[in-house]
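The block underneath contains the structure these notes are about, expressed in structure tokens.
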Amino acid sequence: MNTPSFFAYKAAATTLSDNTTTQLIPTSVVHNDGTAYDSSNGRFTIPSGQDGLYFLYGAFRINNYDPNRTAAVFFVNGSETNWSLTEHAPEGGLTSRRPVIHSTHMAALSATDYVDFRGFQASGSSDTVLNIVFGGFKIR
Amino acid sequence: MENLDKKIILYLGRTPDFIEEIKLQDDGTGAGPYIKHWGASDKVKPTDSQLNALATEATKLENNAKVDKKRKLEYLSWKEQMEMIYKDQKNGTTTFKDHCDKVRSDNPKE
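Note that the protein sequences, when read in sequence, are chains S and Z.
Take the first sequence: its position 104, counted from the start at 1, is 103 in numbering that gives the first Met the number 0, and no numbers get skipped.
Take the second sequence: its position 3, counted from the start at 1, is 2 in numbering that gives the first Met the number 0, and no numbers get skipped.
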């Protein structure tokens, strides 16, 4: 039930360039039922015979963020799924501010389709992402 | 391409909407950011050599933006600044001004 499913994270710092939609690749795999997630390239690829509806979750935590436009989005087969883009604009000063930017998505996917998770920030210069998580499972 | 957004800002002479108008993308392959979508109507999409000619100035913009962030951190919260201003007015001191001067001199721009 609900296979394939996966959950992966990255705790090491990752640089997120200013104004650039950047793929975020979780490298530590907690759960990978069906081995559909590849931590070397951050792709969740639908295995043969597993066409269906999938739930996806992704989030990243950004360090000392200077409040501005920030977004999280899923890409399917290398293309942005615009409707999955969630944009945030955290308010307040940036001292010790580490907001979590997240997105969820439901997608009808077929064998060989692949999904990855990307982040965007527009704080004026590159920033450091402290944590990344990416997960998902087949609904039916 | 390093500091690609700053090179585009310099090329256009303005800051575009980087979510809708111009989309920069980094596919995690190690190749770095590139222009995925160019929707600016005032100028045609620049070549790599046009952008690379702006590298020095783009690096300066990026570095100064980092200085701005560091200054904002060190200026402390608006509540702490208000406290300094209140005490300066009450006691005739220059703590707030001295604090701001130090933040600026500790973090000079290029």
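Here a beta-carbon is modelled for each residue, glycine too, at the ideal position from N, C-alpha and C.
Predicted model, so just to flag it, every value in this text is computed and none were measured.
Kindly identify the DSSP beta-bridge partner or partners of residue i.
| i | result |
| --- | --- |
| S:GLU79 | S:PHE74 |
| S:ALA58 | S:HIS101 and S:VAL132 |
| S:TYR8 | S:SER27 and S:VAL132 |
| Z:PHE95 | Partner(s): none; Z:PHE95 has no beta bridge. |
| S:TYR113 | S:THR44 |
| S:ALA106 | S:TYR53 |
| S:GLU86 | S:ALA70 |
Taking buried to mean at least 16 other C-beta atoms within 10 Å of its own C-beta, is residue i buried or exposed?
| i | result |
| --- | --- |
| Z:MET0 | buried |
| S:PRO25 | buried |
| S:VAL128 | buried |
| S:ILE138 | exposed |
| Z:GLY12 | exposed |
| S:VAL132 | buried |
| S:SER125 | buried |
| Z:PRO32 | buried |
| S:ALA35 | buried |
| Z:ALA30 | exposed |
| Z:GLN49 | exposed |
| S:LYS9 | buried |
| S:GLY48 | exposed |
| Z:ILE21 | buried |
| S:ASP17 | buried |
| Z:ILE84 | exposed |
| S:GLY134 | buried |
| Z:SER40 | exposed |
| S:SER83 | buried |
Give me the residue from the options with the minimum Cα distance to residue i.
| i | options | result |
| --- | --- | --- |
| S:SER78 | S:ASP112, S:THR26, S:ARG60 and S:GLN120 | S:ASP112 |
| Z:ILE18 | S:TYR64, S:ARG68, S:VAL75 and S:PHE54 | S:ARG68 |
| S:ASN223 | S:SER83, S:ILE45 and S:THR20 | Residue 223 of chain S lies beyond the residue range present for chain S, which begins at 0 and ends at 139; the question has no answer from this structure. |
| Z:ALA54 | Z:ARG103, Z:LYS108, Z:TYR10 and Z:PRO107 | Z:TYR10 |
| S:HIS87 | S:ASN76, S:PHE136, S:ALA121 and S:THR80 | S:ALA121 |
| Z:ASP26 | S:PHE136, S:GLY135 and S:ASN76 | S:ASN76 |
| S:SER38 | S:SER47, S:LEU23 and S:ASP50 | S:LEU23 |
| S:ARG60 | S:GLY135, S:ASN130, S:GLY134 and S:PHE136 | S:ASN130 |
| Z:LYS96 | Z:GLU109, Z:MET81 and Z:LYS108 | Z:MET81 |
| Z:ARG103 | Z:MET83, Z:LEU72 and Z:GLY91 | Z:LEU72 |
Assuming contact is defined by CB atoms lying nearer than 8 Å, are residue i and residue j in contact in what I supplied?
| i | j | result |
| --- | --- | --- |
| S:VAL99 | S:PHE73 | no |
| S:THR21 | S:ARG117 | yes |
| Z:THR94 | Z:ASP100 | no |
| S:TYR53 | S:ALA7 | no |
| S:SER102 | S:THR85 | yes |
| Z:LYS5 | Z:LEU60 | yes |
| Z:LYS68 | S:ASP65 | yes |
| Z:ASN110 | Z:THR58 | A question about residue 110 of chain Z goes unanswered here, because the residues of chain Z that appear run from 0 up to 109. |
| S:GLY33 | S:PRO3 | yes |
| Z:ALA64 | S:GLY123 | yes |
Contained beta strand (DSSP E) runs [length at least 3] in the segment 12 to 41 of chain S, N- to C-terminal order: 13 to 15, 20 to 22 and 27 to 32
Completely contained alpha helix (DSSP H) runs for the segment 3 to 33 of chain Z, where each covers 4 or more residues: Segments of the alpha helix (DSSP H) lying fully in the segment 3 to 33 of chain Z: 3 to 11.
Start-end ranges of the alpha helix (DSSP H) lying completely within the segment 31 to 57 of chain Z, minimum 4 residues: 47 to 51
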